[in-house]
Amino acid sequence: MRNLNYLNTLVSAARADVESRGETFYPGPSRVHLASFPPKERWDDWVELDPSSWPSRVERRYMLVPTTCFNCESACGLLAYVDRDTLEVKKFE
197 MRNLNYLNTL VSAARADVES RGETFYPGPS RVHLASFPPK ERWDDWVELD
247 PSSWPSRVER RYMLVPTTCF NCESACGLLA YVDRDTLEVK KFE
């Protein structure tokens, strides 16, 4: 439990940083204040590092679009990561 409390103090600074910028923090299901989604204020221009380019740091720019999966009757909410240049959906979360 001690490690979880220590992690909580480290990660909660990220929450404080997000809220200090006036952005929305979406708490995740964990007890360590990890965010479920990026702040909605930055959904028009979200930057992530391309994992397939590791160890090089190649940035990818996305627009994040809320959407729904209708694969079953649950209609789960998803977040689509759309490439800003090609307007192609690259991934769902």
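Okay, so the sequence shown: first residue is 197 according to this note's numbering, each after it adds one. Just so it is clear, CB atoms sit at the ideal spot from N, CA and C, and this is done for glycine as well.
Residue burial annotation: residue 202 is exposed, with fewer than 16 other C-beta atoms found within 10 angstroms of its C-beta. Excluding its 5 nearest sequence neighbours in each direction, residue 219 has C-beta neighbours in its own chain below 6 Å: 235, 237, listed in chain order.
Rounded to whole angstroms, the separation of the alpha carbons of residue 255 and residue 267 is 31 Å. Residue 279: member of the beta strand (DSSP E) spanning 273-279, first to last residue. Note that the C-beta distance between residue 275 and residue 264 is not below 8 Å. Annotation for residue 230: no beta strand (DSSP E) segment contains it, and DSSP assigns it neither H nor E. Contact check for residue 257 against residue 245 fails: the beta carbons are separated by 8 Å or more.
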